[in-house]
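Colleague: Protein chains in written order, with UniProt numbering: chain G, 1 to 215; chain C, 1 to 215. All residues carry an ideal CB built from backbone N, CA and C; glycine is no exception.
Protein chains: 2
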Amino acid sequence: MTRSEENYLKTIFHLGSGDDASINTNAIAEQMETKPSSVTDMAKKLAEKGLVNYKKYQGISLTDAGIKTALSIVRKHRLWETFLVEKLDFAWDEVHEVAEQLEHIKSEKLIDKLDQLLKFPKYDPHGDPIPGKNGEFQEHNKDLLSELPVGAHGVCVGVKDSSSAFLQYLDKHEISIGKPIQILGKEAFDGSLHLKIGEREHTVSHQIACNIYLK
Amino acid sequence: MTRSEENYLKTIFHLGSGDDASINTNAIAEQMETKPSSVTDMAKKLAEKGLVNYKKYQGISLTDAGIKTALSIVRKHRLWETFLVEKLDFAWDEVHEVAEQLEHIKSEKLIDKLDQLLKFPKYDPHGDPIPGKNGEFQEHNKDLLSELPVGAHGVCVGVKDSSSAFLQYLDKHEISIGKPIQILGKEAFDGSLHLKIGEREHTVSHQIACNIYLK
DNA sequence: AACTATTTTTAGATTTGTCTAAATTTAATT
DNA sequence: AATTAAATTTAGACAAATCTAAAAATAGTT
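(1) Relative to the C-alpha of C/PHE90, which candidate in G/GLN116, G/SER192, G/ASN24 and G/ASP124 has its C-alpha closest?
(2) At the level of alpha carbons, what is the spacing between C/ASN53 and C/LEU102?
(3) Would you list the one or two residues that DSSP bridges to C/SER61?
(4) Span of the alpha helix (DSSP H) holding G/VAL95?
(5) With a cut-off of 8 Å, does the C-beta of C/SER107 fall near any C-beta of chain G?
(6) Just to confirm my understanding: we take C/GLY178, look at its own chain, exclude 5 residues before and 5 after, and list those with CB closer than 7 Å. What are they?
(7) Pull up the distance between the alpha-carbon of C/PRO129 and that of G/VAL39, whole angstroms please.
(8) Taking the straight line between their C-alpha atoms, what separation do you get for C/GLN182 and C/GLN168?
(9) Quick one: using the 10 Å Cβ neighbour count with 16 as the cut-off for buried, is G/ALA99 buried or exposed?
(10) Kindly confirm or deny that the segment 141 to 151 of chain G and the segment 182 to 194 of chain G touch, where touching means at least three C-beta pairs closer than 8 Å.
(11) Are the Cβ atoms of G/PRO125 and G/TRP92 separated by less than 8 Å?
(12) Counting contacts by CB-CB distance shorter than 8 Å, is C/ASP93 in contact with chain G?
(13) Hey, does G/LEU88 have any beta-carbon neighbour from chain C nearer than 8 Å?
(14) Relative to the C-alpha of C/GLU147, which candidate in C/ASP171, C/ALA209 and C/GLY66 has its C-alpha closest?
(15) Just tell me which of C/SER61, C/GLU108 and C/GLY132 has its CA closest to the CA of C/LYS119.
(16) Is C/PHE137 closer than 8 Å to C/ALA70 when the C-beta atoms are compared?
(17) At which residues does the beta strand (DSSP E) containing G/LEU114 begin and terminate?
(18) On the CB-based measure, 16 or more other CB atoms within 10 Å of its CB, does G/ALA43 come out buried or exposed?
(19) Could you tell me how far apart the beta carbons of C/SER61 and C/ILE23 are, in whole angstroms, since I believe they sit closer than 8 Å?
(20) Using the Cα positions of G/ASP41 and G/ALA27, report the straight-line distance between them to the nearest angstrom.
(21) Do the CB positions of C/LEU84 and C/VAL74 come within less than 8 Å of each other?
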């Protein structure tokens, strides 16, 4: 399994082919910042190996074997992210790039020992679930902040957008995983929300609210 | 800097071009399990980048920039080995392969934080010195067990051969870094040594003695 | 249903790192 | 010094992963 193959599987997985739906060639290309023709080439190769279902012009989806492989890469990525934050004091907006490299290290023992060192974490620093050795994981049953009514309250358990820019915005406004949040009011015009975050009050735009998960 | 380039620099460094002497094309090829023609190709590329001195048929040596780069790779390799042993309970004969992968991860912050987590170790699990951020390191002033006279005693501070087979041999005979060792006698015929290792006595062949460092 | 626009694929080229086989240079030996 | 042996380089080929440009298939629209 080459690094490139792994990256394709991971991308297809993230684009939603944990389900059964087929993914567009173009969507994969855009996500990976590559060209559609490259995706077609790789689709053929992965189909040869039994990792994706691929028929010309019909889109791409993961086979069971493909899902299994994708989950193991996601597991590695999220364990490494957790390691970087928990053991090396990285900020949550600094871990993604490095984890993109670390996730391709090949050593089952390494990842099992890392899991153990971290005490078998269930969620990564962004609140995303970490698959276990056999691919099993529990998603939080969480809600997007933007979809909750005025008066609702809960605890931040994750973010949808893990970009550095967004995470730094959250840091600035003291929003982090575990913080209690209550919706004090909603602006009808633009959907912005007036929130109580911990002990403070802040107003956030609809766009921000669309990327915060509450439980 | 590609992974392949890094591996060439590291190999040239280990073959002794920390000094000024030029290294044979063939020696590099053999060490890297590749062909001499591939080495020539890479020599040209690395010379272009100012990392090696290369003149046709005259051998290859590292420039100052090449040495600096090689040292940073060695630093990463040895810090990762130390991490694997100290934090993930790997045995000292299991770390090399994984470290060969980890040494190519690109993140200065990662390696500095790792250094900090490990409390700035000076030596790796095989007793080899770990270069600092600026490439400085102190070699133990150590002696090969095979070159010491009968009656000599000291502490094992390193091994010359880091192969899994050799390290497992040492484990079996309870020889490890930090163990006190005394030479009780030497067999004139084959050079084998009768040793006191900790509280026990063992006889080891000359070949073994050539790969153990004492201080 | 015909036409247009979009998506996807093909064909051929490129880059990196490697290889084989042949040619060349250097070293060793008579 | 001539010859043989060994080391090194060149030339040309190949596989992996990518790209561009053109062709083909699908989807959307009048």
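Modeller: In short, the structure shows the following:
(1) G/GLN116
(2) 27 Å
(3) C/ASN53
(4) 95 to 102
(5) yes
(6) VAL155 and CYS156
(7) 45 Å
(8) 21 Å
(9) buried
(10) yes
(11) yes
(12) no
(13) yes
(14) C/ALA209
(15) C/GLY132
(16) no
(17) That residue, G/LEU114, is in no beta strand (DSSP E); its alpha helix (DSSP H) goes 108 to 117.
(18) buried
(19) 7 Å
(20) 15 Å
(21) no
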